[in-house]
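First the structure, in the form of structure tokens, and then the observations on it.
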Amino acid sequence: MSDITSQSLTSLVKNIKEKKLSSEDVTKAFVKRSEKSKELNSYISEDFSNAINKAKKFDEKPNLDLKLPGIPMAVKDLFCTKNIRTTAGSKILENFVPTYESTVTQNIWNEGAILLGKLNCDEFAMGSSNETSFYGNVQNPIDKGLVPGGSSGGSAAAVSGQLTPITIGTDTGGSIRQPASFTGTVGLKPTYGSCSRYGIVAFASSLDQAGPMAQNVQDCALLQEVISSYDNKDSTSIDFKRNQYSKDLTKDIKGKKIGIPKEYRVEGMPKEIEELWQKGITYAKDCGAEIVDISLPHTSYALPTYYIVAPAEASSNLARYDGVKYGFRAKGENLIDMYEKTRSEGFGAEVQRRIMIGTYVLSSGYYDAYYLKAQKVRKLIKNDFDEAYKKVDAILTPSTPSSAFKIGEKKDDPVSMYLNDIFTVPVNLAGLPAISIPAGHDAAGYPLGLQIIGKAFKEQEILNLAYAMEDKINFKNKISDWWIK
Amino acid sequence: MSINLKTIKHISKLSRISVDEQKAEKLAGDLNAIFKFIEKLNELNTDKVEPLTSVAETTLKFRSDEVKNQNIRDQIIKNSPEDNEDFFVVPKVVE
Amino acid sequence: MPKDSSEYLIERYDNVYEVVIGLEVHAQVTSNSKLFSSSSTKFGAEPNTQVSLVDAAFPGMLPVINEYCVKQAIKTGIGLRAQINKRSVFDRKNYFYADLPQGYQISQFKYPIVGEGTVVLDMPNGQKEVGIERLHLEQDAGKSIHDMDPQNTLVDLNRSGVALMEIVSKPDLRTPDEVSAYIKKLRSIMRYLGTCDGNMQEGSLRADVNVSVRLKDSKELGTRCEIKNVNSIKFMQMAIDYEANRQVDLIEEGKSIDQETRLFDTKKNETRSMRSKEDAHDYRYFPDPDLLPLEVTDEFIEQLKADIPELPDDKKKRFIDEFKVSAYEATILVSDIETAKYFEEVVAKMGKNRDMKLAVNWITGELFAVLNNKNLEISDSPISAKNLAKLINLIKNGTISGKIGKTIFELMLDGDKDPQVIVEEKGLKQESDPKALEALIDKIINDNREKAIEYKNGKEKLFGFFVGQAMKVSGGKANPQLINEILKKKL
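In structure tokens, the structure reads:
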């Protein structure tokens, strides 16, 4: 048997069910590797001794019918976990310990998994490089000094570096798919409404979605099965029939029509990205899919739209962090002074910037020109997809306009940072599902990802497409364990 | 559409985040760059377009009028920064 | 426009101003749980014991709407003869305050659940129609307590998230009396429907009053000021009076009126400015992305329409038509649902030989006096409708006189005693036997011959003396009508 920590989730589950491994074996292995990996700075909070105790307890009376029996797992620090500190990567929640559990993580524990700890992320999920976290940068396991992407940077690094067999992240404008692409892993953003948002620290309510981040498509499908559920505590949760995604997974995609949107071919796009895309098209054809040229005419308006809608919703969602009920509070001479100091000291620069943008675009005199306009353009973007889906079953694009960049490289240029999300953002605006799979390397040897966008609620379709292509691509992540002490 | 210091101060008041001169200037610079980028939307004529209300294709689901939550005051107040078991405590408002 | 004393005008030298008033009434919805969370809405609980994670705006918490509150709002809209909007949207109203845990209030801005309607007021000089602009649902805020700690404000979130209906009137009101009648009518309609208990002391009903002035006969509206959170009708009237005069004074001085929000200081009886212009709130309304648009079907609305009980205006009409009470009496009887219920029960229990006049008089006269005195609601009346009906019947069928009835009424107050039992126990039956009365009167006339002669010689007012004597001798039990007849015959 290969090293525990280099096994896939599917393999670990099989081994535990077949009693070839115990939960304690597996948990201790991941704890050990995590403890040696401090340099990655993937974790904000560790719960290692508890995890081992829970593993031992599981082994005493193992329920092997569960989908994640005794599997240790760390999760993004945006999910409220009962009695375990939850910070959202922010100072303002530095000592916040929820007395409740998010629905998505509860689903995971219900299937037998065990919490290892909480993973680092951009503050309040705002960022594309995990450089805005109050708890420091995260290193990309691919190479030292490289960003892992964001906002689910800690999550992507943990999966890629094998500190956890699998994890969950959240995706508002690409925060699962972009880091997956940067770290050579698989990331799925489900259809809006597929996973409950109850208990997830909210960033932009009409865009946020939780999703699995894994080493391969099959693992991803298994976790998606566990986390996706209808929740009546979330008014935007949708009650639709959910597949057994891992059971129904197939490589047979013959006859599926895959759209190639010309507008995704952006000016100045690196040659490597275009080549990767072409390779992807070839692989898809090899699998029996049919390639169709399509147009998504409003693509170039997606980023500006996103940077109105997301900050607007965030400015309102983050108003509750006022030092009154929980979290950090600064001393103030009066109530307003207290608010201003608390939020000024408690929030990092990027969060403050986005709150300001959001407040401005909603303010009197600007609402129509910005927010209302953005919601109209959002309709046009969604219409583009609806039209395209009359002709195709899925859409294939690159995940990111480049491979992982260096830590500090884009920090002072917000617009340059925002351009990271150019391919991923339209998907959130339209509420569609999309998966990023690693598909190649650039000249520096850094991973590049391809994105498959699906129809609403058709996660199975894109998982199948990804599964088929993953096989053809046969991607090998080059992890050298450079950070292990 | 230029964002000046006065606007920054106004927004910071609305969003209850304090800014000093230096911070305000930086913010004005950042926001101006961002808004230049956002201005692209003006290329589109959206007069006849309905705004998107939600991508969730469903109607608002009802909840029944049952009282479900018991007294969880200790949970609610335990995270608050001040040491009062019954109330949240904040500095006075200056009216 | 009535041209008599029910007008409310402010005169300064040559100028006559009229006052234009609009009200925004906040009515707490009667429901078990809150609008977007399952916490209890009961009044008077220990601080922060009816607060859920959603109410306190913990990270990741989300709103889920209470169907019953939606129904209550629609029913109220039906009672206001208003348009029910099948599609409405919840918006966030963003501002910071200690008792607003989310940093925004979930309300309805552009697309409220109820549209335009009408409320009819019964004023002394005729009916007045007041237009309703809209009704929408929104969350109530918590309570800030400023006087328990000298350095700090204490916050109780029990009320945070309770459902409110905000009812906005058109600026159709002109006098403090109309304002009073409007509030009372709204309150009455909602109590009939069971959608709000209208208890102003407990804060179930509050109003923001918008006041502006203009020269009489002007068609333009003046700049208005909003007086926030006035919680009694008396204070509303005082606030309006002060504010209208303040505005007129400013105009007379050639100054302009700043549109602003003001508070009514109940100690000084003045309004004062609440916020300076710089801090004017920009609420940045936008549709709440945690909630989808609210859609109700025609069936949903029709089902609610079918469940609506008879409302005050219809009940008044029926009382006039069926019971033949006067419009004035009917207005009083239907003004509160409990009064109407009590009256209808008395009528029912009076049976076939019912006397409406007596019923109305006893309820609006004697009973109301007692209730006022003891500060009781009619639903806590010490005398039940059943027993009052009995008392009235005893008077109607001549068993007792009206005067004795009053005595018995007093005795009934102690434990709702059966009047029949009291009559028997105390032997209070009216003496109506003509022979016995004749004998009695003969004796009186005999004992007072001089007076009898004086009466026959023209001293008419001595009649009262003989009536009085008859009552005295009979212990008040003589049938007054018969006494009168017999005396007339004999004298």
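Residue numbers (our numbering), protein chains in the order written: chain U, 1 to 485; chain W, 1 to 95; chain R, 1 to 491.
Positions of the beta carbon are idealized from the N, C-alpha and C atoms, including for glycine.
Contacts of residue 37 of chain W in chain U (Cβ-Cβ under 8 Å): Residue mapping note: residue 37 of chain W aligns to position 37 of the second sequence, counting from 1. In chain order: 303, 304, 307, 415, 418.
Within 8 Å of any Cβ in chain U, is that where the Cβ of residue 2 of chain R sits? Stepping through the third sequence from its first residue, residue 2 of chain R is reached at position 2. Because the pLDDT at residue 2 of chain R is just 41, under 50, the model does not fix this residue reliably, and the value given afterwards should be weighed accordingly. No, residue 2 of chain R does not count as interfacial toward chain U.
Determine which residues of the segment 338–363 of chain U have a Cβ less than 8 Å from any Cβ of chain R, and write them out in chain order. From the segment 338–363 of chain U, only 339, 359, 362, 363 have a Cβ closer than 8 Å to chain R.
Sorted by chain position, which residues of the same chain lie with C-beta nearer than 7 Å to residue 228 of chain U's C-beta, five sequence neighbours on each side aside? Here residue 228 of chain U refers to the residue found at position 228 when the first sequence is read from its first residue. Same-chain partners within the cutoff: 190, 194, 195, 242.
In the structure shown, what three-state DSSP assignment does residue 382 of chain U receive? Mapped onto the first sequence, residue 382 of chain U falls at position 382. In the displayed model, residue 382 of chain U falls within a helix according to three-state DSSP.
Would you mind listing the beta strand (DSSP E) stretches within the segment 154–220 of chain R that are 3+ residues and don't spill past its ends, in chain order? DSSP runs (the beta strand (DSSP E)) wholly in the segment 154–220 of chain R: 163–169, 205–215.
CA nearest to the CA of residue 484 of chain U, picked from U/201, U/35, U/421, U/412: For the purposes of this step, residue 484 of chain U is identified with residue 484 of the first sequence, where counting begins at 1. Answer by Cα proximity: U/35.
How many Å lie between residue 204 of chain U and residue 375 of chain U at the Cα? By one-based count along the first sequence, residue 204 of chain U stands at place 204. By one-based count along the first sequence, residue 375 of chain U stands at place 375. For residue 204 of chain U and residue 375 of chain U, the gap between their C-alpha atoms comes out near 14 Å.
Buried/exposed call for residue 464 of chain R, threshold 16 Cβ in 10 Å: Stepping through the third sequence from its first residue, residue 464 of chain R is reached at position 464. Burial call: exposed.
Quick check: the segment 471–478 of chain R against the segment 396–404 of chain R, are there 3 or more CB pairs under 8 Å? As far as the Cβ criterion goes, the segment 471–478 of chain R touches the segment 396–404 of chain R, which means the pair count is three or higher.
Endpoints, beta strand (DSSP E) assigned at residue 136 of chain R: For the purposes of this step, residue 136 of chain R is identified with residue 136 of the third sequence, where counting begins at 1. Unbroken beta strand (DSSP E) run through residue 136 of chain R: 126–139.
Contact check, residue 30 of chain R vs residue 158 of chain R under 8 Å by CB: the rounded distance? Within the third sequence, numbered from 1, the residue matching residue 30 of chain R stands at position 30. Within the third sequence, numbered from 1, the residue matching residue 158 of chain R stands at position 158. Your pair residue 30 of chain R and residue 158 of chain R does not check out as a contact, with CB atoms roughly 16 Å apart and the cut at 8 Å.
Residue-chain proximity (residue 77 of chain W, chain R), Cβ-Cβ < 8 Å: Translated into the one-based positions of the second sequence, residue 77 of chain W becomes position 77. Using beta-carbon distances, residue 77 of chain W counts as an interface residue toward chain R, with a partner under 8 Å.
Using only the alpha-carbon positions, how far apart do residue 15 of chain U and residue 22 of chain U sit? In the first sequence, the residue the question calls residue 15 of chain U occupies position 15. In the first sequence, the residue the question calls residue 22 of chain U occupies position 22. So the alpha carbons of these two residues sit roughly 8 Å apart.
Where does the unbroken alpha helix (DSSP H) through residue 229 of chain R begin, and where does it stop? The sequence position of residue 229 of chain R within the third sequence is 229, counting from 1. Run containing residue 229 of chain R: none in the alpha helix (DSSP H); it sits in the beta strand (DSSP E), 225–230.
Output the distance between the C-alpha atoms of residue 5 of chain W and residue 359 of chain U, rounded to the nearest integer angstrom. Counted from its first residue, the second sequence places residue 5 of chain W at position 5. Counted from its first residue, the first sequence places residue 359 of chain U at position 359. Distance between residue 5 of chain W and residue 359 of chain U, taken at the CA atoms: about 15 Å.
I want to see whether chain U comes within less than 8 Å of residue 73 of chain W, judged by CB atoms only; does it? In the second sequence, the residue the question calls residue 73 of chain W occupies position 73. Judged by the 8 Å Cβ criterion, residue 73 of chain W is not in contact with chain U.
Just the Cα atoms here: how many angstroms apart are residue 394 of chain U and residue 56 of chain W? As a first step, residue 394 of chain U must be located in the first sequence, where it is residue number 394. As a first step, residue 56 of chain W must be located in the second sequence, where it is residue number 56. Taking the straight line from one Cα to the other gives about 19 Å.
Under 8 Å between the Cβ atoms of residue 293 of chain R and residue 89 of chain R? In the third sequence, counting from the first residue as 1, residue 293 of chain R sits at position 293. In the third sequence, counting from the first residue as 1, residue 89 of chain R sits at position 89. Contact annotation: residue 293 of chain R and residue 89 of chain R have beta-carbon atoms nearer than 8 Å.
Taking C-alpha atoms, which residue in R/487, R/440, R/438 lies nearest to residue 460 of chain R? For the purposes of this step, residue 460 of chain R is taken as residue 460 along the third sequence, with counting starting at 1. Considering only alpha carbons, the answer is R/487.
Pull up the CB-CB distance for residue 379 of chain U and residue 94 of chain W, whole angstroms please, since I reckon it's below 8 Å. Locating residue 379 of chain U in the first sequence gives position 379, where the first residue counts as 1. Locating residue 94 of chain W in the second sequence gives position 94, where the first residue counts as 1. In fact, because the Cβ distance is near 44 Å, the residues do not count as touching under 8 Å.
Anything in chain U within Cβ reach of residue 290 of chain R, meaning under 7 Å, just list it in chain order. For the purposes of this step, residue 290 of chain R is identified with residue 290 of the third sequence, where counting begins at 1. Residues of chain U passing the Cβ test: 205, 235, 236.
DSSP state of residue 387 of chain U, grouped into three classes? In the first sequence, the residue the question calls residue 387 of chain U occupies position 387. Residue 387 of chain U falls in the helix class under three-state DSSP.
For residue 52 of chain W, return the contacting residues in chain B, with the cut-off set at a CB-CB distance below 7 Å. The structure shown contains no chain B; its protein chains are U, W and R.
Counting only C-beta atoms, is residue 313 of chain U closer than 8 Å to chain R at any point? Here residue 313 of chain U corresponds to residue number 313 of the first sequence, with the count starting at 1. Output row for residue 313 of chain U: interface = yes.
4-residue-minimum alpha helix (DSSP H) runs that sit fully inside the segment 298–381 of chain U, ordered along the chain: For the segment 298–381 of chain U, whole alpha helix (DSSP H) runs of length 4 or above, ordered along the chain, are 302–317, 335–346, 349–362.
Output the distance between the C-alpha atoms of residue 63 of chain R and residue 140 of chain U, rounded to the nearest integer angstrom. Position 63 of the third sequence, counted from the first residue, corresponds to residue 63 of chain R. Position 140 of the first sequence, counted from the first residue, corresponds to residue 140 of chain U. One C-alpha to the other measures close to 38 Å.
Starting from the C-beta of residue 96 of chain U, find all residues in its chain whose C-beta is less than 8 Å away, skip the five residues before and the five after it, and write them out in chain order. Along the first sequence, one-based indexing puts residue 96 of chain U at 96. So the list reads 85, 86, 87, 326, 327, once near-sequence residues are dropped.
Could you tell me whether the Cβ atoms of residue 209 of chain U and residue 399 of chain U are closer together than 8 Å? Within the first sequence, numbered from 1, the residue matching residue 209 of chain U stands at position 209. Within the first sequence, numbered from 1, the residue matching residue 399 of chain U stands at position 399. Cβ distance not < 8 Å, so residue 209 of chain U and residue 399 of chain U don't count as in contact.
Could you name the residues of the segment 36–67 of chain R whose beta carbon sits closer than 8 Å to any beta carbon of chain U, in the order they occur along the chain? So the close ones are 53, 56, 57, 58, 59, 60, 61, 62, 63, 64, 65.
Does the CB of residue 31 of chain R have a neighbour CB from chain W at under 8 Å? For the purposes of this step, residue 31 of chain R is identified with residue 31 of the third sequence, where counting begins at 1. Yes, contact with chain W.
On a CA-only basis, which of U/230, U/211, U/231 is nearest residue 222 of chain U? Give me that one, please. The sequence position of residue 222 of chain U within the first sequence is 222, counting from 1. In this structure, U/211 is the residue among U/230, U/211, U/231 with its C-alpha nearest to the C-alpha of residue 222 of chain U.
Taking the C-alpha atoms as reference points, what is the distance between residue 39 of chain W and residue 105 of chain R? Here residue 39 of chain W refers to the residue found at position 39 of the second sequence. Here residue 105 of chain R refers to the residue found at position 105 of the third sequence. One Cα belongs to residue 39 of chain W, the other to residue 105 of chain R, and the distance between them is close to 30 Å.
Residue 27 of chain U versus residue 72 of chain U - alpha carbon distance: One-based indexing of the first sequence puts residue 27 of chain U at position 27. One-based indexing of the first sequence puts residue 72 of chain U at position 72. Straight across, the Cα-Cα distance linking residue 27 of chain U with residue 72 of chain U is about 5 Å.
Excluding five sequence neighbours on each side, which residues of the same chain lie with their C-beta closer than 6 Å to the C-beta of residue 145 of chain U? Position 145 of the first sequence, counting from 1, holds the residue named residue 145 of chain U. Within the same chain, residue 145 of chain U has close Cβ partners 406, 407.
Just list the alpha helix (DSSP H) runs in the segment 32–111 of chain U, keeping only unbroken ones of 4 residues or longer that don't cross its boundaries, in chain order. Along the segment 32–111 of chain U, the alpha helix (DSSP H) occurs as fully enclosed runs of 4 or more residues at 48–60, 103–110, listed in sequence order.
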